[in-house]
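Numbering (this note's numbering), first residue to last: 1 to 130.
Every residue, glycine too, gets a C-beta built ideally from N, C-alpha and C.
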């Protein structure tokens with residue numbers, strides 16, 4: 001006589017199929033779907049990272065202009081250009097801060113090889129306004 005808990009178990013046929021070929025195809029399809037999902041998650045993370053990198057480049061470009069302006073031109077005639085660059089810098093920093101990067105814990109998901117430490121960004125707070 002079968003115990004009650006044995007009747008509640010799912011038959012192995014539901015997971016693997018009736019033949020070896022069907023079991024292989026089921027496993028192959030499951031693996032393909034898993035890696036497609038991982039690739040999609042990685043792409044969803046990479047797009048905002050690229051956008052943030054572009055915004056950081058813009059901030060550094062404006063900072064470089066401001067430093068050059070500060071070193072080369074210490075005259076009152078360039079104040080208007082300097083103020084324009086300060087405003088541009090503030091706007092570029094706001095754009096950069098507006099880019100949100102999704103975080104996936106690849107270690108918890110059992111995929112540590114997907115983690116890339118180079119994707120971490122430094123904070124630009126060390127730069128001060130001129």
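Could you check what DSSP says for residue 18 in three-state terms: helix, strand or coil?
-> coil
Beta-carbon spacing of residue 112, residue 48 below 8 Å | no
Could you name the residues of the same chain whose beta carbon sits closer than 8 Å to that of residue 54, not counting the 5 residues immediately before and after it, in chain order?
-> none
Just the C-alpha distance for residue 59 and residue 34, rounded to the nearest angstrom, thanks.
-> 38 Å
Let me know if residue 84 comes out buried or exposed under the rule of 16 or more other beta-carbons within 10 Å of its beta-carbon.
-> exposed
The region 14 to 33 / the region 89 to 106 touching (three or more Cβ pairs under 8 Å) | no
Who are the near neighbours of residue 65 in its chain, counting only those whose CB is closer than 7 Å to its CB and skipping five residues on each side?
-> 85
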